[in-house]
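**Student:** Just dropping this structure here.
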Amino acid sequence: MSLFWRIFLLNAVVVTAAFTLLMVGPFTVSTPVLVTEAMILTGVLVVMLVVNAGLLRVGLAPLDRLTRTMSTVDLLRPGHRLAVSGRTGIADLIRSFNTMLDRLEAERATSAARALSAQEAERQRIAQELHDEVGQTLTAVLLELKRVADHAPEPVSGEVRQVQETVRNGLDEIRRIARRLRPGVLKELGLASALKSLAGEFSTAGLTVRRTIDGDLPDLGKETELVLYRVAQESLTNTARHAGARQVSLSLTHVPGAPPHSGSRPPASAATEQAACSGAVELRIRDDGRGVGGAPEGAGLRGMRERALLIGADLTVGPAPGRGTEVLLRVPLGGKEHHD
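In my numbering, the protein residues as written are 6 to 345.
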């Protein structure tokens, strides 16, 4: 039965019951209406409205839950679905809404993968141009400045050497930017070495980055390692720019999974059992800064969430114990294959 006919029949039942009560009961209506008759009619009307409101609230309760769910849906935090309940009509609406969420999350994941892939390609192109074009040009300028400084008289020679030092600092900065855009150490030496190098870059005056990296990390695959590196990079960048922190801890640990279930536990599916036994890899960045407070999520944090979705990971950002902010990226192992 459709929602329209259910609401119509609910109202029809209430009105019919009231009409029958007035017909068979010892009720009369005078002209003009007496006070007692007015009180009886008013009471019947109030009862009709209360009963009708109660029946409608019960019948439309699933729609209220659906409305609340729709207002809180976030495609960057997938997996939340509304339990299918209610009769035909409302149940079909909830089921259609859940199906729409499945489709939207799949489409967003696909589009995000394409966008991030294009972003990484553009990062590599820019890094290559900085290294090959700008870097070589500045290197040639340094050589020319050295030649001029060697043949110029004082104090011109000293001034040229100051300019030479400025150009050298600019060249070092360009190389540093190129390394961040294209982390060659990640490809050549692996994730652990890349994170150690990244922590060293951010250990500047006023900020100390302490790192803890397990030595028994499993093979994660290039895509997962790149996501872990980019999340760590974005987290440290946010800390350095906005947190006002002095201490940052970066840890990458392998969390073992639960042992296979015994006969006393209910059997699990093969995929669930494999994921539970394999455990997870956790990246945790914790600082002692001012914390996130009630600030809205920016583009950097949304980008981290999109990257986490690509590998089926779970990203949480919240207050750290004591003070500061904690970013935790948990990558389950065994739930999906990791390919190079």
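Cβ atoms here follow ideal geometry from the backbone N, Cα and C, with glycine treated the same way.
In chain order, what residues of the same chain have a beta carbon less than 8 Å from the beta carbon of P261, not counting five sequence neighbours either side?
**Tutor:** Residue numbering aside, residue 261 sits at position 256 when the sequence shown is read from its first letter. Within its own chain, the residues whose Cβ lies closer than 8 Å to the Cβ of P261, once the five positions on either side in sequence are excluded, are G284, listed in chain order.
**Student:** Taking the alpha-carbon of V322 as reference, which of L338, E239, G249 has the nearest alpha-carbon?
**Tutor:** Here residue 322 corresponds to residue number 317 of the sequence shown, with the count starting at 1. Ranking L338, E239, G249 by Cα distance to V322 puts E239 first.
**Student:** Got a sec: does the ligand GTP put a non-hydrogen atom nearer than 7 Å to the Cβ of E287?
**Tutor:** Annotation note on the ligand GTP: not contained in the displayed structure, which lists no ligands.
**Student:** Within the same chain, show all residues whose beta-carbon is closer than 7 Å to that of V89, passing over the 5 residues directly before and after it, in chain order.
**Tutor:** Along the sequence shown, one-based indexing puts residue 89 at 84. Cβ within range, chain order: A96, I99, R100.
**Student:** Quick one: grab the DSSP three-state call for T33.
**Tutor:** Taking the sequence shown and counting its residues from 1, one reaches residue 33 at position 28. The answer is coil: DSSP assigns T33 none of H, G, I, E or B.
**Student:** Confirm, please, whether the CB-CB distance from R62 to R128 is below 8 Å.
**Tutor:** Looking up residue 128 in the sequence shown gives position 123. Looking up residue 62 in the sequence shown gives position 57. Taking 8 Å as the Cβ cut-off, R128 and R62 do not qualify as a contacting pair.
**Student:** I think V232 touches A313, with their Cβ atoms under 8 Å apart; what is that distance to the nearest whole Å?
**Tutor:** For this step, residue 232 is matched to residue 227 along the sequence shown. For this step, residue 313 is matched to residue 308 along the sequence shown. Between A313 and V232 the Cβ distance is about 7 Å, and since that is below 8 Å, they are a contact.
**Student:** Measuring CA to CA, which of T41, R246, L46, L14 is closest to L26?
**Tutor:** For the purposes of this step, residue 26 is identified with residue 21 of the sequence shown, where counting begins at 1. For the residues T41, R246, L46, L14, the minimum Cα distance to L26 belongs to L46.
**Student:** Kindly indicate which residue of K227, R289, G296, L225 has the alpha-carbon position closest to the one of R246.
**Tutor:** On the sequence shown, residue 246 is found 241 positions in, with the first residue counted as 1. When each option's Cα is compared against that of R246, the closest is G296.
**Student:** For I218, which of helix, strand or coil comes out of DSSP?
**Tutor:** Residue mapping note: residue 218 aligns to position 213 of the sequence shown, counting from 1. Per DSSP, reduced to three states, the secondary structure at I218 is strand.
**Student:** Just mark V336 as buried or exposed, buried being the case when its beta carbon has 16 or more other beta carbons within 10 Å.
**Tutor:** For the purposes of this step, residue 336 is identified with residue 331 of the sequence shown, where counting begins at 1. So V336 ends up on the buried side.
**Student:** Determine the direct distance from the alpha carbon of E193 to that of E164, and round the result to whole angstroms.
**Tutor:** Numbered from 1 along the sequence shown, position 159 holds the residue referred to as residue 164. Numbered from 1 along the sequence shown, position 188 holds the residue referred to as residue 193. The straight-line gap from Cα to Cα measures roughly 40 Å.
**Student:** Whole angstroms is fine: what's the gap from G307's alpha carbon to Q167's?
**Tutor:** The count along the sequence shown starts at 1 and reaches residue 307 at position 302. The count along the sequence shown starts at 1 and reaches residue 167 at position 162. In the sequence as displayed, the identity of residue 307 is Arg instead of Gly. Going by the C-alpha atoms only, they are around 43 Å apart.
**Student:** Looking at the secondary structure, which residues open and close the alpha helix (DSSP H) in which G175 lies?
**Tutor:** The sequence position of residue 175 within the sequence shown is 170, counting from 1. Unbroken alpha helix (DSSP H) run through G175: 161-186.
**Student:** Among the candidates V51, E331, I131, T330, whose CA atom is the shortest distance from the CA of R185?
**Tutor:** Working through the sequence shown from its first residue, we reach residue 185 at position 180. The shortest C-alpha separation from R185 is found at I131.
**Student:** Compute the Euclidean distance between the alpha carbons of V161 and A154, then round it to the nearest angstrom.
**Tutor:** Counting from 1 along the sequence shown, the entry for residue 161 is found at position 156. Counting from 1 along the sequence shown, the entry for residue 154 is found at position 149. So the alpha carbons of these two residues sit roughly 8 Å apart.
**Student:** Just confirm the distance between the C-beta atoms of A183 and L191, as a whole number of angstroms; I'd bet it's less than 8 Å.
**Tutor:** Counting from 1 along the sequence shown, the entry for residue 183 is found at position 178. Counting from 1 along the sequence shown, the entry for residue 191 is found at position 186. Contact annotation, A183 with L191: C-beta distance approximately 14 Å; criterion of less than 8 Å not satisfied.
**Student:** DSSP puts E331 in a beta bridge; with which residues?
**Tutor:** Locating residue 331 in the sequence shown gives position 326, counting from the first residue. Paired residues: R291, G323.
**Student:** Given this structure, state the Cα-to-Cα distance separating A117 from A304, to the nearest angstrom.
**Tutor:** As a first step, residue 117 must be located in the sequence shown, where it is residue number 112. As a first step, residue 304 must be located in the sequence shown, where it is residue number 299. Distance between the alpha carbons of A117 and A304 is about 13 Å.
**Student:** Count the other CB atoms within 10 Å of the CB of R291; is the residue buried (16 or more) or exposed (fewer)?
**Tutor:** As a position in the sequence shown, residue 291 is number 286, starting the count at 1. Result: buried.
**Student:** Any contact between the region 171-179 and the region 203-223? By contact I mean 3 or more CB pairs, one from each, below 8 Å.
**Tutor:** no
**Student:** Please classify T209: does DSSP put it in a helix, a strand, or coil?
**Tutor:** For the purposes of this step, residue 209 is identified with residue 204 of the sequence shown, where counting begins at 1. In the structure shown, T209 sits in coil (DSSP, three-state: anything other than H, G, I, E or B).
**Student:** Three-state secondary structure (DSSP) at M67?
**Tutor:** Working through the sequence shown from its first residue, we reach residue 67 at position 62. The displayed chain sequence assigns Pro, not Met, to residue 67. P67: helix per DSSP, three-state reduction.
**Student:** So for L109, helix, strand or coil by DSSP?
**Tutor:** On the sequence shown, position 104 is the one that residue 109 refers to. Note: L109 maps to helix in three-state DSSP.
**Student:** Would G48 be called buried (16 or more neighbouring beta carbons within 10 Å of its own) or exposed?
**Tutor:** For the purposes of this step, residue 48 is identified with residue 43 of the sequence shown, where counting begins at 1. Answer is exposed; the Cβ neighbour count stays below 16.
**Student:** Helix or strand or just coil, what does DSSP make of V38?
**Tutor:** In the sequence shown, counting from the first residue as 1, residue 38 sits at position 33. Coil.
**Student:** What do you get for G59, buried or exposed, if any count of 16 or more other CB atoms within 10 angstroms of its CB means buried?
**Tutor:** As a position in the sequence shown, residue 59 is number 54, starting the count at 1. G59 should be labelled exposed.
**Student:** With a threshold of 16 other CB atoms inside 10 Å of the CB of P272, please say whether the residue is buried or exposed.
**Tutor:** The residue you call residue 272 lines up with position 267 of the sequence shown. The pLDDT assigned to P272 is 42, lower than 50, so where the model puts this residue is not dependable, and the model offers no usable value.
**Student:** Can you have a look at R215 and say buried or exposed, based on whether 16 or more other CB atoms are within 10 angstroms of its CB?
**Tutor:** As a working note, residue 215 is residue 210 in the sequence shown. Exposed.
**Student:** Going by Cα to Cα distance, which pick from L255, Q141, I316 is closest to A325?
**Tutor:** Here residue 325 refers to the residue found at position 320 when the sequence shown is read from its first residue. The shortest C-alpha to C-alpha distance from A325 to any of L255, Q141, I316 is the one to L255.
**Student:** For F24, which of helix, strand or coil comes out of DSSP?
**Tutor:** To locate residue 24, count along the sequence shown from 1; it is residue 19. Correct three-state label for F24: helix.
**Student:** On the CB-based measure, 16 or more other CB atoms within 10 Å of its CB, does M309 come out buried or exposed?
**Tutor:** The residue given as residue 309 occupies position 304 in the sequence shown. Under this definition M309 is a buried residue.
**Student:** Smallest Cα separation from R289: which of Q252, L257, L106, D177?
**Tutor:** Taking the first residue of the sequence shown as position 1, residue 289 is located at position 284. Nearest neighbour of R289 by Cα position, chosen from Q252, L257, L106, D177, turns out to be L257.
**Student:** Which residues in the same chain as A276 place their Cβ atom closer than 6 Å to its Cβ, once the five residues preceding and following it in sequence are excluded?
**Tutor:** Taking the first residue of the sequence shown as 1, we reach residue 276 at position 271. Unreliable positioning characterises A276 in this predicted model, as indicated by a pLDDT of 40, which lies under 50. A coordinate reading is not provided.
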